[in-house]
Amino acid sequence: MVLDTASLRIASEAEAARWSELIADTPGGGEVWQTREYAAAKAFQGYRERLIVGDDGFPATLVLVKRVPLLGELWYVPGGPAAEGAERTIAQSARLAKYARSQGAFLLKIEPRVLRTAESLAAFAQAGYRANVRILPNESTVLLDVSGDEAEVMGRFSSSTRTKIRKADKTGFEARRVETTDENCRIMYALLGETGDGRFALRPYEYYRTFWQTFQEAGRGQLVLGYADGVAVAGMFGIVAGHTSCYKDGASTRAGDLPNGAMNRMQWELILWGREHGATVHDLCGAPRSDQMDDRDHPLYGVGQYKLRFSKDVTDYVGVFDLPLRGFATKVWETIGDRIARRVSLALKHDSYY
């Protein structure tokens with residue numbers, strides 16, 4: 002395969018306007034992380050979008066770009082590039098890498114949806130890629146088949162999950178689809194704070210509000226708040242792209258007893274919403290790796306057990322890989338630059354660099 006860059010270019014205005022269609026035509030049917038809405042939300046962290054297309058079969062690819070003083074540009078491809086299997090992904094990434102270098106990038110960071118196997122990991126290593134820590138929440142995840150009618154979908158859940166969903170309805174618990182007003186976003190953020198309670202760091206409120214409002218205003222997101230006796234006690238936010246919906250954020254109160262089955266009923270509401278928007282797969286967005294699901298010491302053990310009640314199908318992806326494009330600049334970045342950037346971002350923005 003000839004890995005030239007002549008056919009790679011920035012998308013035209015017309016192509017950018019129908020970006021959702023372009024990514025829906027890529028292998029996998031379109032990643033939520035490859036949407037322009039995701040790029041708009043990440044602008045809060047200083048990313049700029051680059052929409053890359055090719056005239057000879059190169060998949061439409063969203064790149065998030067950050068300018069690093071003295072070093073050049075860092076190019077990150079969230080959930081991509083889209084290709085079938087490690088070999089094809091490496092080939093497409095090689096083309097993108099050459100183009101990125103010609104545009105002043107010193108490092109290409111990819112996070113493709115390639116299944117994690119010994120063979121795929123070896124293939125990336127042999128091609129010069131270096132494994133790095135994950136950025137997206139669903140490096141390992143639970144995927145639900147939500148095709149068919151509602152009875153078929155619910156029939157794939159565990160019996161206890163089906164019982165809890167019905168019980169939540171019988172006890173008067175309400176899962177309401179609401180607008181992403183500032184008031185509702187603050188309710189959701191407060192619930193996230195209760196859920197975290199020191200166990201994980203929250204990004205600034207403005208980041209979440211921007212994310213939720215950007216996706217919902219585009220018709221690609223839905224905020225759901227759960228009410229018991231008129232009080233908001235739970236919240237979830239879902240997003241959709243192509244044929245996949247995704248459980249992005251979830252939270253519940255720690256101030257009192259949560260109605261039995263509340264979070265199962267909330268998840269069901271997200272699934273119903275996603276199906277209304279064409280989803281046939283629902284991504285529960287994050288779990289321990291398949292070989293660590295039973296590890297009680299894993300920080301996501303409880304989350305994983307909750308999600309396994311919807312499906313036992315755990316999917317592991319290869320994760321993040323870095324490909325150096327300029328040797329000296331990459332060495333400086335890996336030695337001190339990345340660490341300094343992370344610290345400065347936390348100190349000044351109270352947010353992670355990535």
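Its first residue numbered 2, the sequence shown is counted upward by one per residue in my numbering.
Glycine residues also receive a C-beta, built at the ideal position from the N, C-alpha and C atoms.
These numbers come from a predicted model, not from an experiment.
From the listed residues Ser161, Glu195, Ala229 and Ala152, the smallest Cα separation to Thr172 is found for Ala229. Between Trp34 and Leu137, the C-beta spacing is below 8 Å. For Leu285, the closest of Val315, Arg276 and Arg68 by C-alpha to C-alpha distance is Val315. By the Cβ-count criterion, Glu270 is buried, with 16 or more other Cβ atoms from all chains shown falling within 10 Å of its own Cβ. Taking Tyr206 as the centre and dropping the five residues before and after it, the same chain places the C-beta of Cys186, Arg187 and Tyr190 closer than 8 Å to its C-beta, in chain order. Secondary structure of Glu74 (DSSP, three-state): strand. Shown here for Pro260: same chain residues with a beta carbon closer than 7 Å to its own, the five before and five after excluded, namely Ala169, Thr172, Phe174 and Ala229 in chain order. Tyr39 sits in a helix when the DSSP states are folded into three classes. The residue from Leu192, Arg276 and Val321 with its alpha-carbon nearest to that of Glu151 is Arg276. Under the DSSP definition of a beta bridge, Met189 lacks any partner. For Gln223, the enclosing beta strand (DSSP E) starts and ends at Gly222 to Ala229.
With a 10 Å radius around the Cβ and a threshold of 16 neighbouring Cβ atoms, Leu71 comes out exposed.
Here Asp146 has Arg157 and Val282 as same chain residues with Cβ atoms under 7 Å from its own Cβ, once five neighbours each way along the sequence are excluded. Rounded to whole angstroms, the gap between the alpha carbons of Ala106 and Val66 is 9 Å. The shortest C-alpha to C-alpha distance from Ala256 to any of Val333, Asp198, Arg340 and Gly47 is the one to Asp198. Just so you know, the alpha carbons of Tyr355 and Gln46 end up roughly 8 Å apart. Taking each of Ala101, Ala280 and Lys332 in turn and checking the Cα distance to Val64, the smallest one comes out for Ala101. Judged by their CB atoms, Glu38 and Arg221 are nearer to each other than the 8 Å cut-off. Between the beta-carbon of Arg96 and that of Phe125 there is about 16 Å, and that puts the pair past the 8 Å contact cut. Take the alpha-carbon of Gly328 and the one of Glu335: they are about 10 Å apart. For Val134, the three-state secondary structure derived from DSSP is coil. With a 10 Å radius around the Cβ and a threshold of 16 neighbouring Cβ atoms, Val134 comes out exposed. By the Cβ neighbour-count rule, Gly129 is exposed, with fewer than 16 other Cβ atoms within 10 Å of its own.
The residues Ser8, in chain order, have a CB closer than 7 Å to that of Asp57 in the same chain once the five nearest residues on each side in sequence are set aside. In this structure, His244 lies near Gly30, with their beta-carbon atoms less than 8 Å apart. Shortest Cα-Cα distance from Gly55 to any of Ser13, Arg167 and Val225 involves Ser13.
Around Lys43, the same chain offers Leu65 as residues with beta carbons nearer than 6 Å, after the five sequence neighbours per side are excluded.
Ranked by Cα distance from Arg68, the first of Leu347, Val232, Ala342 and Gln268 is Ala342.
By the neighbour-count criterion, in which a residue is buried when 16 or more other Cβ atoms sit within 10 angstroms of its Cβ, Arg344 is exposed.
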